[in-house]
Each structure stands twice: as C-alpha cells, then as structure tokens.
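Read the structure below first, then the notes.
Number of protein chains: 4
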Amino acid sequence: MSDDSLIRLRDALRAFAEERDWAQFHNPKNLAMALTGEVGELVEHFQWLSAEQSAALDPATRREVALEMADVLLYLVRMADTLGIDLAEVAGAKLAINAERYPVERARGTSKKYDRL
Amino acid sequence: MSDDSLIRLRDALRAFAEERDWAQFHNPKNLAMALTGEVGELVEHFQWLSAEQSAALDPATRREVALEMADVLLYLVRMADTLGIDLAEVAGAKLAINAERYPVERARGTSKKYDRL
Amino acid sequence: MSDDSLIRLRDALRAFAEERDWAQFHNPKNLAMALTGEVGELVEHFQWLSAEQSAALDPATRREVALEMADVLLYLVRMADTLGIDLAEVAGAKLAINAERYPVERARGTSKKYDRL
Amino acid sequence: MSDDSLIRLRDALRAFAEERDWAQFHNPKNLAMALTGEVGELVEHFQWLSAEQSAALDPATRREVALEMADVLLYLVRMADTLGIDLAEVAGAKLAINAERYPVERARGTSKKYDRL
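Chains as they are written, first to last, in the numbering used here: chain S, -8 to 108; chain W, -8 to 108; chain B, -8 to 108; chain V, -8 to 108.
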C-alpha cells in the first residue's frame, strides 16, 4: 500500500468501482458532472454566510463541509485516474506556473486577477 | 518536506499565499467560489464531447484538462487548510461511509442513486 | 402586473424577499453561490445518464428537473435584480453577439468551440 | 413574435441551433454542462469581492457580469426547450411551493435554511 494519500485514494476508488461494476458509468464526462454536483453541495453550506462566518463554522457544520470536500476530492481523484492523469505531478507543475505568473513583488496584496493561489 | 503529496501541496500553498499577502482573500467562502470557477473551466472541456470522446482526449486537450484539474485540487487543498480540515483523513472516512451505503451485492451495476464512488 | 414572465418573476421575488426580510442575504455574491448550488442539484440528475437517456426522462424525473431549473431561473432573476440588470435585454444583446461570432456558414455542424448557442 | 421574453428567447435559440446544425450537440446532458461552465465564469467575477463590493460593481465589470448572466439564461432556456419544459410556468409553480415552505411569519430574517427565495 502506497504511502501517498492520493495514490492510496486512487487505488481504493479503483477497487470500489470494480467491485460494484461502476466503471461503465465512470467516464471523464460523467465524473466531471458528478464533481459539479458535489461542489454545488459544498457551496450551499457557505452561500448565506459572511466571509467571517465561513471561517468560524460550528463543529457539526464543519464536519458536514469536510465530508462534502471529501466527495469533491474522491471524484477528482477518480476522474484523474480514468484520464491517466497524475494529480500530484500536475498540481506541482501548476503551482510552478502560477509562481511565474504571479511574481511575489507584483502580486502582493492585490486582487486584480481571478487566480489567487 | 513531507512525503505526502496533499501535505506538500498544503504547505506550498500556504507559503504561496503568505508571500503574496493573499491570506486576506482566502476565506472558505471565497475559496469555495474559486473552486466553482475552476470546476466550470474543467467542465467546459467536456460539454460537447460524447462519453467515448471524453475518454480519448488528444494529448494537448488532455494536458489542458490536467491543468484545470490541478487548479481544482489546489483550491480544494487551500480551502481545507483554512478550515483546519485534513483532506486525506476525511476522504478515507467518506470512502468507508460509502462502502457501507453501497454494499457490493446490492450496488452492482445499477445507477439508481446519485453517488457513484 | 406585467405581461412579461421575467418581469413578473422579478417583481414576485422582490416582494418575497421583502416580506421575509431576506434582502440582507441577497447580495450578488451570495446569490451567485446560491445559483451554483441549484445548478449542482440540476446536474446531479444527469450525471450518470447517457445523452440519449437525458433526452427521454420519465415524467417524475422530468418534473424534478423542471423544478430545479425553476430554482436556477429564480436565483438568476433575483441576482439580476440586485445588480439592476435587465435580463431580457442583455440576453437579446448576447444572442446578437453570438450570431456575429458564429456565422452560419462557418459554424455549421462543427463543435470546435465552447459556446454553442 | 411573442410578447414574452422567455418565449422569444426560446424561439430565437431554436432557430439559431437549427441554422448551425447544432441540435445534434444540444441534448439536456450537454446543455446542463454548458450551463455549469457559464455559471463558473459568472462566479469568477465575484470570488474575491466582499458582499459589499459585489453590490457596487464598476460599469465595465457590471456589463461583463450581465453578459455572463445572459449566457446562463440562454443555456437554461435552450435546455428547457429540449426537455419540453415551460420555464415560466414551472418557475411560477416553484415560487408557490417556496411560499408555502417559508411562511412569512416563521421565515422573517432567519438564514436557517439553504433556500432563500
């Protein structure tokens, strides 16, 4: 069993789908939609909260939010697997791209652009 | 430096935000919206494809899709960090919940319910 | 009472929010998130369906889908109202833009670009 | 030509798709994804804004937002048409359901539940 959490999840989800004969439903298009649905459920927890309230959830809501975030991650990992994409590798690559796109000296404290990572 | 990719990404994003003074924008509500935006960009790649086409992307599109998936993961990891949520832990917990909810013998090959992981 | 359905919905939603003292929650940011949540619920109905199945819903599912689409429209109309945007006007303007962007003779039957309206 | 804006848009979109031979792409599943993509683009305008800022957009941003909202409406109207759903009718019906679900005297000023229309 891998030490890396993303690999571990990928393998567990692969087994999960195979045992249930769900691979037939798991094409990237369908999984992208499933991801959308889970993000929608996640967002619903925050829609009427102020920014401050969103950072101070009560423990019960925080657990619900955590489980929705888990769903998002699970579908993302599963989708990447069906596409043969190494999520950890590509996330590292994207971070390097973002570091070049938003150099520290120019990006400090502004919110001019959409990306903010 | 951690061996685990999710921890490594969390730490890198934390440093990234601090260097750019972006923590002020990074509350869970805003990050949930940023996640939505990235999922929207990801979905756009698949909207006019058939299920079969979605599983057979040309290399250039596949790389673009991979980078969009990276953005989704980066915002998800950053959002979890601002909430103090351990994504790997909660994803494992959710998988266990799903395994109980969809026992192999009853779930085989049906698509009756929304969740499919 | 206006003869136009979008105006009628706008006015009804305005009264609805005022009676319940909900205008305090109805800023464009929050309403954009609420819209996301409703689109997520709508998408969930289609995620495991084939394109063909999605066009041949049973009556009960079709009614559920219709009510989710209603929610999307209601939040969109309400959001436009808080921004002082005339949805019918701007939709007409966007259609004219799209007609220029995708001239009939060049756009016929291709799926090269994202927009497809 | 109908006096109602939703009917007018429906008819214009129907002609638009027919002229370009795009009906082949316009099944409800694909259109639900296209809707997701447009909502993602809309949300991106608001993700780093405070609630107050979101209600006080500068004219250029407000026009961009208006055009994104137009895209959402256009796909929603087109999707409803492919499903044979009368959007105005079902939105009215949903408003009546919501009025029963959130009686004025009990709903005043609380943000207990997700729906807020």
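All residues carry an ideal CB built from backbone N, CA and C; glycine is no exception.
Remember, predicted model here, so these are calculated numbers, not experimental data.
Short CB-CB distance (under 8 Å) between residue i and chain B
i     : result
T52/V : no
D49/V : no
Chain V contact for residue i (CB, 8 Å cutoff)
i     : result
A42/S : yes
R1/B  : no
A84/B : yes
A57/B : yes
Per-residue DSSP class, three states only, for residue i
i       : result
F37/S   : coil
Y93/W   : coil
D2/V    : helix
A8/W    : helix
L(-3)/B : helix
I76/W   : coil
R99/S   : coil
N21/W   : helix
D62/S   : helix
L86/B   : helix
Y105/S  : Residue confidence is low: Y105/S scores 49 on pLDDT, short of 50, so the model does not pin down where it sits. Its coordinate-derived value is still stated next. Y105/S: coil per DSSP, three-state reduction.
A162/V  : Residue 162/V lies beyond the range of chain V shown here (-8 to 108); nothing can be said about it.
Length of the line joining the Cα atoms of residue i and residue j
i       : j       : result
Y105/S  : L22/W   : Below a pLDDT of 50, predicted positions are generally treated as unreliable, and Y105/S, at 49, falls in that range; the measurement from the model is reported next regardless. Approximately 11 Å, taken between the alpha carbons.
A42/S   : A14/V   : 42 Å
L58/B   : L33/B   : 9 Å
D29/W   : E35/W   : The identity of residue 29/W in the sequence shown is Glu, whereas the question assumes Asp. In a straight line, the C-alpha of E29/W is about 10 Å away from that of E35/W.
T73/V   : R54/S   : 39 Å
F16/S   : E9/S    : 11 Å
A51/S   : Q38/V   : 25 Å
A98/S   : Q44/S   : 27 Å
D(-6)/W : I(-2)/S : 12 Å
R92/S   : G31/V   : 22 Å
D77/S   : S(-4)/W : 11 Å
N89/V   : L67/V   : 20 Å
T27/V   : L40/V   : 21 Å
A114/S  : K20/S   : Because chain S here runs from -8 to 108, residue 114/S falls outside it and cannot be looked at.
V56/V   : V56/W   : 25 Å
L48/V   : L48/B   : 40 Å
Check: residue i C-beta below 7 Å from any heavy atom of the ligand MN
i     : result
L48/V : With respect to the ligand MN, the structure offers nothing, as it holds no ligand at all.
Identity of the residue in the options nearest residue i by Cα
i      : options                       : result
R69/B  : T73/V, Y66/V, G100/V, A46/V   : A46/V
A61/V  : N18/V, A25/V, E80/V, I88/V    : A25/V
L86/W  : I(-2)/S, R53/S, L4/S, L(-3)/S : L4/S
G75/W  : T101/W, N18/W, D(-6)/W, A84/W : N18/W
N79/W  : A90/W, L64/W, Y93/W           : For the sequence presented, residue 79/W should be read as Ala rather than Asn. Ranking A90/W, L64/W, Y93/W by Cα distance to A79/W puts L64/W first.
V95/B  : T27/V, D(-6)/V, A6/V, L0/V    : A6/V
A82/S  : L40/W, G100/W, D77/W, L0/W    : L0/W
T101/S : T27/W, S(-4)/W, R11/W         : R11/W
D2/B   : A90/B, N89/B, I88/B, A71/B    : A71/B
Cβ of residue i within 8 Å of any chain W Cβ
i      : result
Y105/S : Per-residue confidence for Y105/S stands at a pLDDT of 49, beneath the threshold of 50, marking its modelled position as unreliable; no derived number is given.
Closer than 8 Å to chain S by CB, residue i
i       : result
D(-5)/W : yes
E9/B    : no
A6/W    : no
- Task: Can you give me, in chain order, the residues of the stretch 11 to 39 of chain S that have a beta carbon less than 7 Å from any beta carbon in chain B?
- Result: F16, N21, M24, A25, T27, G28, V30, G31, E32, V34, E35, F37, Q38, W39
- Could you list the residues in the stretch 85 to 100 of chain V with a C-beta less than 8 Å from some C-beta on chain B, going in chain order? Of all residues in the stretch 85 to 100 of chain V, K85, L86, I88, N89, A90, Y93, V95, A98, R99, G100 have a Cβ within less than 8 Å of some Cβ in chain B.
- What residues from the stretch 67 to 82 of chain B come within 9 Å of chain V, judged by C-beta to C-beta, listed N to C? L67, V68, R69, M70, A71, T73, L74, G75, I76, D77, L78, A79, E80, V81, A82
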